[in-house]
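At position 39 of the sequence shown (counting the first as 1) the number is 38 in numbering that gives the first Met the number 0, and the numbers step up by one without a gap.
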Amino acid sequence: MARKIEIDVDECLACESCVQLCPEVFEMDDSEGKARVIKDVNDEEVDKVQDAIDTCPTECIAWAE
């Protein structure tokens, strides 16, 4: 089952660590200069997304409630 992820773009530093760890789910928004979620997370991507959450220096990535 797909899970949703959220990014608090106000806190995003555009360090691109999430994009490097999981480009299937995250990309940089060139117009905003911030990371964004491009799709829901499938079961195979959960561990990679959790790594991105754990690596984010501002803790702006979270699983949606």
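Backbone N, C-alpha and C define an ideal beta-carbon position, used for all residues, glycine too.
With a threshold of 16 other beta carbon atoms within 10 Å, Leu12 falls short and is exposed. Going by DSSP, Lys3 is part of no alpha helix (DSSP H) at all; its letter is neither H nor E. CA-CA distance, Val45 to Cys17, rounds to 13 Å.
In this structure, the beta-carbon distance from Ala34 to Ile52 does not fall below 8 Å. Gly32 and Glu64 have their alpha carbons spaced roughly 25 Å apart.
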